[in-house]
Structure formats: C-alpha cells, structure tokens
Amino acid sequence: MALPKFIITMDGVFRLGMVNQHKDLLKPGDQCIGGGFSTSRHHLSGL
Numbered sequence: 002m003a004l005p006k007f008i009i010t011m012d013g014v015f016r017l018g019m020v021n022q023h024k025d026l027l028k029p030g031d032q033c034i035g036g037g038f039s040t041s042r043h044h045l046s047g048l
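When we follow our numbering, the leftmost residue of the sequence shown carries the number 2, and every step to the right adds one.
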C-alpha cells in the first residue's frame, strides 16, 4: 500500500512521495542516508 514516505540522499536531496517502499524514491546512482514516513497527523518520523 502506498504511503507518504521520504528519503534524504548523500547529495542532500530530499524526496517525498506516495510509495510502497522507500527505495521507490531512489534514482540510479543515489545513496540514501536517511528516510522516514509521514503519519496521518502529518508528523515526520525518522527511521
């Protein structure tokens, strides 16, 4: 089920989207250094 998630890449790029898995936000060559999800209350929680 697609949920609102975010990632931060090694280059400092922030991506937010409705995806099944965090890896769905990565583009070729990206290195993820963090991520999380947005709850129904619109708070961001790191992993």
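The beta carbon of each residue, even a glycine, is placed where N, CA and C say it ideally should be.
Alpha-carbon spacing of residue i relative to residue j, whole angstroms
i, j, result
"Q32", "T10", "5 Å"
"L26", "V14", "11 Å"
"I73", "D12", "Since the first residue of the chain shown is 2 and the last is 48, residue 73 is not available in this structure."
"N21", "K28", "15 Å"
"M2", "M19", "9 Å"
Cβ separation of residue i and residue j, assumed to be a contact under 8 Å, to the nearest whole Å
i, j, result
"F38", "L17", "10 Å between Cβ atoms; not a contact."
"I8", "G30", "Not confirmed; about 14 Å, so no contact."
Nearest to residue i (by Cα), restricted to the options the options
i, options, result
"K6", "K28, F15, H23", "H23"
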